[in-house]
Every structure is written in structure tokens, then in C-alpha cells.
Amino acid sequence: MGPSPGRSHGDPSARDSHVRRVAIAAFVVTAVVFAPAVRNEFVNYDDHAYVVENAEVLQGLGLRGVRWAFTTVTLSNYHPVTWLAHMLDVTCFGTNAAAHHAVSVFWHALNAALAVLVVVALTGRVKIAAATTALFALHPLRVESVAWVSERKDLLSGFFFLVCLLAYVRHRRTGVASWWGVAFVACALGLLAKPMLVTVPPLLVLLDVVVLGEGAPVDRARAALWRCLPFFLLSFVFVVLTLQTQADAMMDVATFPLATRLQNAPVNLARYLALTVWPDPLAAIYPVRPTGAPATLVIVALLVLGAVTALAARRARREPLLLLGWLWFVGMLVPVLGLFQAGRAAVADRYTYLPHLGLFLAVAVLAASVAARGPVVLAWASLAFVPRTLEQIAVWQDTRTLFAHSVRHEPESPFAQDALAGELLADGDVPAAVDHARVAVALAPDVPRYRERLGQGLAVAGQVGEAEQVLRGVLATHPDHASARFLLSSLLHQTQRDPEATAQLQRAHADAEAAGDAALLRRIRPILQRLQLPPAAPAKGELPAARATDEPPADEPSASPRGR
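Here is the structure:
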């Protein structure tokens, strides 16, 4: 049997008081470090789809909103608890960006305090809890989850995850059945905030086998599997639901072969380790390798991962928490290593939010095995991350800064190139916008939105002939692309080809209706009403200048020019 709270000595009330002080300190320090995030704006990287331009969320929290949250799939996600949280923020603060960011900082600080309680419950060692939490809470990889309003789902699912673990451990320590119920409900709420928690059931079994159970390992595992069966069934439901909701974003085997996925997975896992040790540079999106990682890189990654696994396994008898922490880290990352590739991102900072707790638990346990004061030194050493964390918070201050940073460090990301082009276009820096749009198209010529952005930029630059050619090219391969057709109608009107402009505008309206593109319909319908179409032709000056669509392709997050 693994370590338990019984390993700590002294007066229980004094010990509990000490734990509370450490948890409060974790909350305060975390809140202070991330407080600069309240100066940041919303970014045009899902924030408009989640809050600023989401008509349902802007209604605030009410019965209609609750019904919508539980019956909608938006941005390829089903996460009603996250929607309710955003609605509550709007009810309390409107669209005040500082307030929304402050709430995110609060949730992360609360999770830091909970992390202390969870690790103490697992290990009975306050110093290990302090070290684990300090590394987890202050690491620069946390910034994406905290400073990006759209990632509130990370913080909410993290909160329910920690409540689930704490309740499950208490159930196993005390035998009180109600704690099992709390754990199950917390797991369900966490899944309703973000389906990343589908890996919780195996983790609970691992906790039983390594730390909480008694008897032979096989007996522990058998009992744990039976005890956690409802968790597995719950997780299975959300796995199926997630595969359905993200079907449009999933790359098929023909586009992204199994061999490529198997090559990328160990490299992606090793990359998470590398970013943990040296979190510089960080980017909003790291493009996936469509041809697979080089063989040399795969071999190096496998050797590194094998060495770490061997170390944890060799010390498992003396320090089972070391193996637990490592398997926690690896297991929770499995769904996002690229084996089930959704979208064009290879890795993402936000995916480490919960896995990092396991990794840093292992690191803290290893430090304690080397020296009695090892965890204390580690906790203080975590402060070395703070300057880098503050730098990364500033990167998220606005959309242009965010994607300029991403392009600088990940120039082969077509999404970042396109997003920066949109921001430059909104700021009136048209030549630079066209340059970045051309790069995006060169990197991903199959994505219609990137070509649409290029057509938009060329039109604004006065290169009407090339702009028309680009937009007609989009419609040749994607005839139902309503926003590109809307831009083409505008361009045709500007060149006094009003009959075709009218036809293209009406077709764009029909396609937008078929696609349920509410944002585009809000722009087209007033024009149709003013022009009384059909059958009248548009009057000169009525059609708007070309602008980018609000909708992303199915495999990308949304990013579009601000100022709408």
C-alpha cells in the first residue's frame, strides 16, 4: 500500500491549519502572478464566438440560455457548463474584458488551492503538495488557459477534476459512500465543461492500485475497476459524443495516415516535456506535421520517454507516487497526442493544464527522495518561472500581439499567418496583410478561408483583377462558401457589374441560410431589405466593402479582424 496521511506526525488540528495556510498562500500567490491578465483585451481567437458576438451568451443567464447551452453543439464542442459560466459573467459584468479575465484568474487561483488539498490527501506530505502546486500554478504553460477567455473550459473542468479526486480519495480513506457520489457528480460536471476528463476513470483506478488500495495489485485493480465502472460508462458516453461533435474537424486516415499519427505521437509527448523544462518560445498554435516527424526525432523522443518510464518503474516500489505521477501525465495527454487528430495543431499549451499536476507530483516526489528539503527548494525554484509567465501574459494582451508573436516563432503556421493578416487589414496595414495572407495560402492552399482573406486583402489594395480571380477560385472548389460569394458580390458591384453582383448576393444569402451562418446573415439581410431584392438591382454605393467572414473552417478555431 502506498503512502497515506498517516505518514505525517503531530497534532492533526495543527497540521490541518498548516495545510489551510499553504492552500491560501497558493491562492494568493497565483492570483498576484496572473493579475496582469486583467489588462488584456478579448482576442479574435474564439473569444468573439464564445462571448463578444455570441447572441445567446449576450442574453445572460436565464432559462432560455440554459436550454440553449444543453442543446447546442458550437465550435465542434458540447460543453454546456462552460456556456453557463460565460452567461453568468455576462449577466454580472456585460462584455467588460477585464472582469472576464479577473474571473479566469480567480478560477485558476482556486484550482491552485485545491491542488494543495488533493496532493496532501494523496501523500500526507505538505511540502510535496506545496512544491507540486507551485510548479503547476506558476508555469508559463498555464497562461493560455488563464489569459484566454475562451479557455474558461480548462479552468472549470480543472476545478471539477480536483473536486472529483479529493472526494474520491476521501471516499477511499473513510469508506463514506456520499463522497463517491460527490466524485461522480464532479466528474460529470467536469465532462460537461470540457471532455478532456474522459481519462479520469483510468486515473482513479491507478490511484487505487498505486496509493489507495490494499492487498495484491491484481485484487486492487479488480476492485477498482468494479468501483469505477459508472465512471467508465460516463466517460464512454462523452467519448462517443465528442467523436460525433468533432467529426468535421477530424482528419481522416487518407489525409493523415495511421503511420504518420504513430510517428507524431511520441514526438508530441516529448515536446510537452521539452516545453515544461524550457517554455520558450510558446505560441498560440503549433502546426501539425502532415508528413510525420523525421525518423531521427522519433527515435530520440522514444529514447527520452523510455528512459523516464524506466526510471519511474525502477523506483516504483520505494516511491510509487513517482510512477503514478508519470502515468497521470502520459495518460491524460493520450487523447491529444495526435492519434485522433482534430484540427491542424500538433500540441497546445492548454492541453497540459491537468496532466502537469501529475508530472509535477512526480518531480516533487523525486526531489523529496533526493533530499528532505528538496520539495521546499523546488517550491522556491518555481518562482524562476514567474518572469517568463508574465512575458507570456503580455503576449495575450490583444490579437495582433498574439499572432505577431506566433508568426515570429511558428512561421509555418498558416492559421497564425491568416489571423495576423486579418488584424493588419483591420488596422489599415494592407500591404503587410496581403503578404501574410499569401504565406497562409502557400502553406495551406486547400483551406478556403485563407484564400478568401487573400482575395479580401487584394480587393482593399485595389488589385481588383487578382482579387476576383482568387475569390472565383474559392467558389470553384467550394461553391457553397457563402462569405466568399458575399465578398465577390461586393467586388462585382464596385466594378459596376450590378446584375451579377445582385445574383451573387442572393446566392450568398441562400448559402448562409443553409449553413446557419447567423453572423453573415446579419450583414446580408439589411442590404437585401434596403435594395428590395428581388428583383431590383442594387443601387451604386449600397454594397459594403469586402471584409473577412466570421466563420472559421471546420478544422480551425475562429479568428477574424476586429472592429466589427
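Residue numbers (the working numbering): 1 to 564. Quick reminder that beta carbons are idealized off the backbone N, C-alpha and C, glycines included.
Kindly indicate which residue of the options has the alpha-carbon position closest to the one of residue i.
i: Phe232; options: Phe256, Asp89, Leu383 and Leu197; result: Leu197
i: Tyr353; options: Asn111, Ala31, Ser13 and Trp68; result: Asn111
i: Asp446; options: Leu424, Val470, Gly325 and Leu138; result: Val470
i: Trp180; options: Pro201, Lys194 and Val57; result: Pro201
i: Ala130; options: Leu357, Leu505 and Pro414; result: Leu357
i: Gly190; options: Val81, Ala23 and Val377; result: Val81
i: Gly325; options: Ala109, Glu466 and Val210; result: Val210
i: Pro320; options: Ala432, Leu229 and Leu206; result: Leu206
i: Thr309; options: Ala293, Leu203, Val119 and Trp328; result: Trp328
i: Ser104; options: Ala134, Leu305 and Ala31; result: Ala31
i: Arg530; options: Phe161, Ala518, Thr502 and Gly158; result: Thr502
i: Pro355; options: Ala265, Ser76, Phe136 and Thr74; result: Phe136
i: Tyr450; options: His405, Val474, Gly428 and Val119; result: Val474
Helix, strand or coil, according to DSSP, for residue i in the structure here?
i: Asp11; result: coil
i: Pro535; result: Because Pro535 carries a pLDDT of 34, less than 50, the predicted location of this residue cannot be relied on, and no value is offered for it.
i: Pro266; result: helix
i: Thr495; result: coil
i: Asn111; result: helix
i: Thr95; result: coil
i: Thr565; result: Outside the displayed span of the chain (1 to 564) sits residue 565, for which this structure offers no information.
i: Phe360; result: helix
i: Leu354; result: coil
i: Pro592; result: The chain is shown only over 1 to 564; residue 592 falls outside these bounds and no answer can be derived.
i: Phe136; result: helix
i: Tyr450; result: helix
i: Val470; result: helix
i: Phe329; result: helix
i: Gln246; result: coil
i: Cys164; result: helix
i: Gln397; result: coil
i: Lys194; result: coil
i: Phe27; result: helix
i: Ser104; result: helix
i: His481; result: coil
i: Ala130; result: helix
i: Arg315; result: coil
i: Asp46; result: coil
i: Cys187; result: helix
i: Ala508; result: helix
i: Gln463; result: coil
i: Phe340; result: coil
i: Asp154; result: helix
i: Asp427; result: coil
i: Phe385; result: helix
Decide if residue i is buried, meaning its Cβ has at least 16 other Cβ atoms within 10 Å, or exposed.
i: Asp154; result: buried
i: Thr132; result: buried
i: Arg485; result: buried
i: Leu258; result: exposed
i: Cys187; result: buried
i: Asp16; result: exposed
i: Val267; result: buried
i: Ala539; result: Since pLDDT at Ala539 reaches only 39, below the 50 mark, its modelled position is unreliable, and the value read off the structure follows with that caveat. By the neighbour-count rule (16 or more Cβ atoms within 10 Å), Ala539 is not buried but exposed.
i: Ile24; result: exposed
i: Gln392; result: buried
i: Pro375; result: buried
i: Cys164; result: buried
i: Leu63; result: exposed
i: Ile299; result: exposed
i: Asp248; result: exposed
i: Val51; result: buried
DSSP puts residue i in a beta bridge; with which residues?
i: Pro287; result: Ala345
i: Asn77; result: Thr74
By Cβ distance below 8 Å, which residues in the same chain neighbour residue i in space, the five residues on each side in sequence not counted?
i: Thr401; result: Ala394 and Val395
i: Val407; result: Ser413, Ala416, Gln417, Leu420 and His436
i: Asp11; result: none
i: Arg525; result: His509
i: Thr276; result: His139, Leu141, Thr352, His356 and Leu359
Beta-carbon within less than 7 Å of residue i's beta-carbon, same chain only, minus the 5 sequence neighbours each way: which residues are those?
i: Ala467; result: Gly455, Leu458, Ala459 and Leu491
i: Tyr78; result: Leu241 and Thr245
i: Arg373; result: none
i: Leu225; result: Val205
i: Phe27; result: Ala109, Leu110, Ala112 and Ala113
Taking 6 Å as the limit between beta carbons, can you name the residues of its chain near residue i, skipping five residues before and five after?
i: Ala316; result: Leu323
i: Ala312; result: Leu322, Leu323 and Trp326
i: His430; result: One detail in the question is off: residue 430 reads as Val in this sequence, not His. Correct list, in chain order: Val460 and Ala461.
i: Leu61; result: Met87, Leu88 and Thr91
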